[in-house]
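Heads up, the thing below is written out as structure tokens.
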Amino acid sequence: MTAHAHAKRPNQLFRNLTAKIASIPMILIALGIFLGGSIWTVVYSFTSSRLLPRATFVGFDQFERLWASSRWIISIQNLAIYGILSLIFSMVIGFVLAALMDQKIRFENAFRTIFLYPFALSFIVTGLVWQWILNPEFGIQGIVRSLGWTSFTFDPLYNADIVIYGILIAGLWQGTGLVMCLMLAGLRGIDEDIWKAARVDGIPMWRTYLFIVIPMMRPVFITTLVIIASGIVKVYDLVVAQTSGGPGTASEVPAKYVYDYMFQAQNLGQGFAASTMMLLTVAIIIIPWAYLEFGGKKRG
Amino acid sequence: MNFRAMAAVLAATVVLPLGVAQATDLEVTHWWTSGGEAAAVKELATKFDASGNKWVDGAIAGGGSTARPIMISRITGGDPMGATQFNHGRQAQELVEAGLMRDLTAVAEKGNWKEVIKPSSLLDSCTIDGKIYCVPVNIHSWQWLWLNNEAFEKAGVPVPKDWNEFVAAGPKLKEAGIHPLALGGQAWQANGLFDTLLLALGGKELHEAVYVKKDAEAAAGPEVAKVFEAAAQARELSMGTNVQDWNQATNMVITGKAAGQVMGDWAQGEFQIAGKVAGKDYSCLPGLGVSQYITTGGDAFYFPVLKNEEASKAQDALAEVLVAPETQVAFNLKKGSLPIRGDIDLGTANDCMKKGLEIVAKGNALTSTDQLLSPDSQSQKQDLMTEFFSSASMTPEAAQKRFVEIISSAD
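Written as structure tokens, this is what we have:
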């Protein structure tokens, strides 16, 4: 029986060969564009490149200038305020809306559509709409004043101290609907029997949500977190449409700094340095988290 | 389909483009999209088409800061257009140094540009290593104070003759419920206002010491401190403008909501469209009425290097057309800018344009900061000025300290 003797254990590398061959282009593109592009950017952030990339290395000069620039510091502060608040509020509002939807209300589909609808709009449109709503002459302030309350003041987009909250409002309006949908899907995935058991035990509804349902929805929360967080880091178009960074530099964000310095100031080196800092910040947050989440012991 | 028919079809596709190639298409990109600007571009296109070629319009909406990155990435990305607009100065300098732009010296010598183009600084900023790489088409100057006469009448003060009188009229204007100074929120407007104040109040020497020699000591000196004091006054007068675009701010002056605006001569187009008469409805003070100097910047056309022989010839033809006297008159009357030649007559120019022409004729035209500073230094300056003009808490001293840092590292 020679045939049997030759039948070795198949090589792991050649299993599903067609599938592996088919995914080679994707792997190459991912490595080339994402990894290669990132490395190239980091390398050139140490050069004095202006309009065109030039390999004249200047050490940490670009980074020193970056951290001495008050516009960059303001950008970072704005991103922190916007990021933390938008994370908290979109999670809380999204979950509360989803929990309300879950009470077997009438017209649930209609409400779901209404809440999700802003997400179908781009950030540019969202920004322009809210620019008008918050405009002191035509928007909320104008309407309230025309009703007779003439001392009413609400002009977040023209007040440097609170402008970032004006942007936050627009961001929340746009993004909460999606969070609500994700949460609702998570809630629907909870077994009906758990609710029955909780009711039998006489646990009030809010405690069931807080101590039983939310811990069970951990994967949904993580998905939501990743989606919101990636949206926060790259926030750019919303600011451009609403305030274009103003008044002054009060609502600047890091992504806008990168774009403005790379293309308008024709200083690639400075733009690369800023984007390297953004990458570094994300890496500092993501890597330990990913290690805790996916590394360590494998859960069944 | 038999072989012969297929061959005929293939041959036709090859022959067809050759047949049309006699009138060479040349794509020209620019960011002139407002009403008056589009009308001016049409003049250029008509004149170019008359030379036997075809102008393919590549207008990019959204202003220079949106258009320039698109133009630059097309040129560096290997898809160059036939010709493109840039502002005079250093925006395209690196593209020239990288050998991506065509040398126009031959055309310039043929047209005797060195003689006819006035002021000569326009051609100087097109010249790199003794070769000419761009065609200036117009002159714009920044140093203008536009005033609504009626607003001052309403406030019961005479129309100011200079900046100091304007500042003094501020409280009266506020009492009458008129916004004294309109300043849009975009960063370049605050930057332009500051440069205007520096030249008007500090004079020619200061302008040259700070922006030509980039002398950090002069920037730290008492004269610049005075300019920052004046800028702080301007900030007080402009607080609460609440508009973004320059033409919205100009509109506040036109409608009498605001009394004045410091803006370049392109603002005049807005007054004209609104049917206002210079001298009667509105006044203009070049050099803010204090000094008789203006800086001359403007627009220029650059020609990327093309492989196609025919297209290169069409580029030469366009370069000639742009400088030709007839084109200059037709274009600049529509655009509201000054022509680049001293030897033509703008008979129909209005009062304000004539004031500008006089200053240029006297030789009091200086090089604009766009030509003197790199886009990088200009951006840093813009960041500082927009912050200064929007936050009342920033002291003139603190702003000057940062200004000195920018000038000392400027290039």
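Protein chains in written order, with the numbering used here: chain A, 9 to 308; chain B, 15 to 425.
Virtual Cβ for every residue (Gly too), placed ideally from N, Cα, C.
Review point. Thinking C-alpha only, which one of Phe271/A, Lys242/A and Trp297/A is nearest Ala88/A?
Key: By one-based count along the first sequence, residue 88/A stands at place 80. When only C-alpha atoms are compared, the closest one is Lys242/A.
Review point. Mind pulling the beta strand (DSSP E) runs of 3 or more residues that sit fully within the segment 39-112 of chain B?
Key: 39-44, 68-73 and 97-101
Check your understanding: Is it the case that the Cβ atoms of Ser155/B and Asp357/B are separated by a distance below 7 Å?
Key -> Taking the second sequence and counting its residues from 1, the one referred to as residue 155/B is at position 141. Taking the second sequence and counting its residues from 1, the one referred to as residue 357/B is at position 343. No. Outside cutoff.
Exercise for review: Could you give the DSSP three-state label for Pro300/B: helix, strand or coil?
Suggested key: Your numbering for residue 300/B matches position 286 in the second sequence. In the structure shown, Pro300/B sits in a strand (DSSP, three-state: E or B).
Check your understanding: Out of curiosity, what's the CA-to-CA distance linking Thr232/A and Met224/A?
Key -> Working through the first sequence from its first residue, we reach residue 232/A at position 224. Working through the first sequence from its first residue, we reach residue 224/A at position 216. When rounded, the distance between both Cα atoms is 14 Å.
Check your understanding: What is the DSSP secondary structure of Tyr225/B, reduced to helix, strand or coil?
Key -> Here residue 225/B refers to the residue found at position 211 when the second sequence is read from its first residue. Here Tyr225/B sits in helix by DSSP.
Practice item. Kindly confirm or deny that the segment 197-206 of chain B and the segment 247-261 of chain B touch, where touching means at least three C-beta pairs closer than 8 Å. Key: yes
**Study point:** From Asn322/B, Ala314/B and Lys415/B, residue whose alpha carbon lies closest to that of Leu40/B
**Key:** Here residue 40/B corresponds to residue number 26 of the second sequence, with the count starting at 1. It is Asn322/B whose Cα lies nearest to the Cα of Leu40/B.
Review point. Quick one: does Thr4/A have its CB under 7 Å from some CB of chain B?
Key: No information on residue 4/A is available, as it lies outside the stretch 9 to 308 that chain A covers here.
Exercise for review: Verify whether the separation of the beta carbon atoms of Gly91/A and Met191/A is less than 7 Å.
Suggested key: Position 83 of the first sequence, counted from the start, is the residue given in the question as residue 91/A. Position 183 of the first sequence, counted from the start, is the residue given in the question as residue 191/A. Cβ atoms of Gly91/A and Met191/A: not closer than 7 Å.
Review point. What is the C-beta distance between Asp397/B and Arg79/A, in whole angstroms, given that I count them as a contact (C-beta under 8 Å)?
Key: The count along the second sequence starts at 1 and reaches residue 397/B at position 383. The count along the first sequence starts at 1 and reaches residue 79/A at position 71. Asp397/B to Arg79/A, Cβ: 5 Å. Contact.
Check your understanding: Can you find a CB in chain B that lies within less than 7 Å of the CB of Pro262/A?
Key -> Indexing the first sequence from 1 puts residue 262/A at position 254. So no, Pro262/A is outside the interface.
Exercise for review: Kindly indicate the opening and closing residues of the beta strand (DSSP E) around Asp365/B.
Suggested key: Taking the second sequence and counting its residues from 1, the one referred to as residue 365/B is at position 351. Asp365/B -> not in any beta strand (DSSP E); alpha helix (DSSP H) instead, spanning Asp365 to Ala375.
Review point. Within 7 Å (strictly less), CB to CB, does Tyr173/A reach chain B?
Key: Walking along the first sequence from the start, residue 173/A turns up at place 165. For Tyr173/A, the answer is no, since every Cβ of chain B falls outside 7 Å of its Cβ.
Review point. Just how far apart, CA to CA, sit Phe403/B and Gln394/B?
Key: Counting from one through the second sequence, the residue named residue 403/B turns up at place 389. Counting from one through the second sequence, the residue named residue 394/B turns up at place 380. Between Phe403/B and Gln394/B, the C-alpha separation is close to 14 Å.
**Study point:** Gln20/A - DSSP class collapsed to helix/strand/coil
**Key:** Within the first sequence, numbered from 1, the residue matching residue 20/A stands at position 12. In this structure, Gln20/A counts as helix in the three-state DSSP scheme.
Check your understanding: Under the three-state reduction of DSSP, which class applies to Tyr217/A: helix, strand or coil?
Key -> For the purposes of this step, residue 217/A is taken as the residue at position 209 of the first sequence. Helix at Tyr217/A.
Review point. Got a sec: is the Cβ-Cβ distance from Gln295/B to anything in chain A below 7 Å?
Key: In the second sequence, the residue the question calls residue 295/B occupies position 281. In the sequence under discussion, the amino acid at residue 295/B is Asp, which differs from the Gln named in the question. It does not: the Cβ of Asp295/B has no partner Cβ on chain A nearer than 7 Å.
Review point. Got a sec: is the Cβ-Cβ distance from Phe271/A to anything in chain B below 7 Å?
Key: The count along the first sequence starts at 1 and reaches residue 271/A at position 263. By this cut-off, Phe271/A is an interface position.
Exercise for review: List the residues of chain B that Gly156/A touches, going by C-beta distances under 8 Å, in chain order.
Suggested key: As a position in the first sequence, residue 156/A is number 148, starting the count at 1. Per Cβ cutoff of 8 Å: no residues; Gly156/A is ~20 Å from chain B at best.
Exercise for review: Please name the residue in Leu176/A, Gln70/A and Thr55/A whose C-alpha comes closest to that of Ala63/A.
Suggested key: Working through the first sequence from its first residue, we reach residue 63/A at position 55. Residue Thr55/A is the option with its Cα nearest to Ala63/A.
Practice item. Would you mind working out which of Phe131/A, Leu136/A and Leu105/A sits nearest Thr121/A, comparing C-alpha positions? Key: The count along the first sequence starts at 1 and reaches residue 121/A at position 113. It is Leu105/A whose Cα lies nearest to the Cα of Thr121/A.
Point to revise | Cutoff 7 Å: Thr161/A Cβ touching any chain B Cβ | key: Walking along the first sequence from the start, residue 161/A turns up at place 153. No, because no Cβ of chain B sits closer than 7 Å to the Cβ of Thr161/A.
**Study point:** Proximity of Ala196/B and Ala169/B at Cβ, strictly below 7 Å
**Key:** Along the second sequence, one-based indexing puts residue 196/B at 182. Along the second sequence, one-based indexing puts residue 169/B at 155. No. Outside cutoff.
Exercise for review: Could you tell me the distance, in whole angstroms, from the CA atom of Phe271/A to the CA atom of Gly279/A?
Suggested key: Walking along the first sequence from the start, residue 271/A turns up at place 263. Walking along the first sequence from the start, residue 279/A turns up at place 271. If I take the Cα positions, the gap works out to 9 Å.
Exercise for review: For Ala35/B, collect the residues of the same chain with a Cβ closer than 8 Å to its Cβ; drop the 5 residues on either side in sequence, then sort them by chain order.
Suggested key: Here the question's residue 35/B lines up with position 21 in the second sequence. The predicted position of Ala35/B is uncertain, since its pLDDT is 43 and thus under 50; no value can be drawn from it.
Exercise for review: Just the C-alpha distance for Gly492/B and Leu220/B, rounded to the nearest angstrom, thanks.
Suggested key: Because chain B here runs from 15 to 425, residue 492/B falls outside it and cannot be looked at.
Exercise for review: Can you say whether Met266/B is buried or exposed, counting buried as having 16 or more other CB atoms within 10 angstroms of its CB?
Suggested key: For this step, residue 266/B is matched to residue 252 along the second sequence. By the neighbour-count rule (16 or more Cβ atoms within 10 Å), Met266/B is buried.
Check your understanding: Is the segment 366-384 of chain B touching the segment 138-158 of chain B in the sense that three or more CB pairs, one from each, lie closer than 8 Å?
Key -> yes
Check your understanding: Excluding sequence positions up to five away, which residues of its chain have a Cβ less than 7 Å from the Cβ of Gly150/A?
Key -> Counting from 1 along the first sequence, the entry for residue 150/A is found at position 142. Correct list, in chain order: Pro144.
Exercise for review: Note down the Cα distance separating Pro296/A from Gly78/B, rounded to an integer number of angstroms.
Suggested key: By 1-based counting over the first sequence, the position of residue 296/A is 288. By 1-based counting over the second sequence, the position of residue 78/B is 64. Answer to the nearest angstrom: the Cα atoms are 43 Å apart.
Check your understanding: Can you give, in chain order, each stretch of the alpha helix (DSSP H) that sits fully within the segment 189-269 of chain B and has at least 4 residues?
Key -> 201-221, 230-234, 236-252 and 260-268
Practice item. Would you identify the three-state DSSP class for Thr251/A, choosing helix, strand or coil? Key: For this step, residue 251/A is matched to residue 243 along the first sequence. In this structure, Thr251/A counts as coil in the three-state DSSP scheme.
Review point. What are the start and end residues of the alpha helix (DSSP H) that includes Asp397/B?
Key: Mapped onto the second sequence, residue 397/B falls at position 383. That run of the alpha helix (DSSP H) goes Pro389 to Ser404.
Exercise for review: Using a Cβ-Cβ cut-off of less than 8 Å, give me the residues of the segment 159-174 of chain B that come near chain A, in sequence order.
Suggested key: none
Point to revise | Status (buried if at least 16 other CB within 10 Å, exposed otherwise) for Phe302/A | key: For the purposes of this step, residue 302/A is taken as residue 294 along the first sequence, with counting starting at 1. Phe302/A should be labelled exposed.
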